[in-house]
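Notes to accompany the following structure.
Residue numbers (full-length UniProt numbering): 1 to 219.
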């Protein structure tokens with residue numbers, strides 16, 4: 001999608017240069033200047049690749065959709081103003097070159113805006129994937145190990161509070177236990193082969209998790 005978008009942008013630049021049309025340059029700048037929705041998509045993808053918590057991943061998707069919606073509305077308003085304001089001059093009173101530029105730019109604008117809607121589908125797939133992952137974590141994580149009640153968390157990618165996947169290349173597939181202090185700093189408790197082992201280390205450091213209420217256990 002992005003490749004096609006940038007290819008069409010180059011075509012618009014070429015047509016603008018060949019026809020020496022200021023109108024085409026304006027359309028090109030509007031279509032390309034409002035693609036900052038890509039920033040939200042890049043952030044959401046980065047958080048997924050780095051193993052960030054599900055909460056932040058889902059938040060980035062919501063923020064990305066909001067950014068996409070705002071920029072799309074602004075882009076459409078500016079495009080409507082430009083095309084409606086230029087229609088009489090270029091279509092009714094203009095020559096063949098002006099008419100060609102106007103309708104070519106209109107077709108390109110419609111195609112690009114239709115393609116940009118696919119971004120919402122990407123966000124949708126990512127969000128549903130994170131929701132499925134969250135359900136898997138809450139359904140498969142061990143609540144107890146080595147005689148300790150572990151601290152479960154749906155906000156963590158691993159399913160345990162104070163446990164995250166070690167992203168260092170020299171330690172692939174390992175999990176790190178850590179403590180978050182009041183001053184914002186983190187204290188490492190070591191790396192372990194499984195998330196359960198790391199959760200046990202965290203429980204030993206802070207104390208085991210409180211027992212669930214009776215109603216919750218029965219549910």
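In this text, a Cβ means the ideal position worked out from N, Cα and C, and glycines have one as well.
Candidates 149, 150, 126 and 195, of which the one nearest residue 49 by Cα
126
Within the continuous beta strand (DSSP E) that includes residue 246, where are the two ends?
Missing from the structure shown is residue 246; the chain here goes from 1 to 219 and no further.
For residue 161, does the count of other Cβ atoms within 10 angstroms reach 16, so buried, or fall short, so exposed?
buried
Using a Cβ distance threshold of 8 Å, determine whether the region 89 to 96 contacts the region 65 to 74, with at least three qualifying pairs required.
no
In whole angstroms, what separates the C-alpha of residue 99 from that of residue 33?
24 Å
Assign residue 81 to buried or exposed, taking buried as 16 or more other Cβ atoms, counted over all protein chains shown, within 10 Å of its Cβ.
exposed
Given a threshold of 16 other Cβ atoms within 10 Å of its Cβ, counted over all protein chains shown, does residue 151 qualify as buried or as exposed?
buried
Alpha helix (DSSP H) containing residue 160: first to last residue?
First-last for residue 160: undefined, no H or E at that position.
Starting from residue 76, trace the alpha helix (DSSP H) in both directions and tell me its first and last residue.
54 to 87
Quick one, which of 55, 21, 25 and 68 has its alpha-carbon nearest residue 39's?
68
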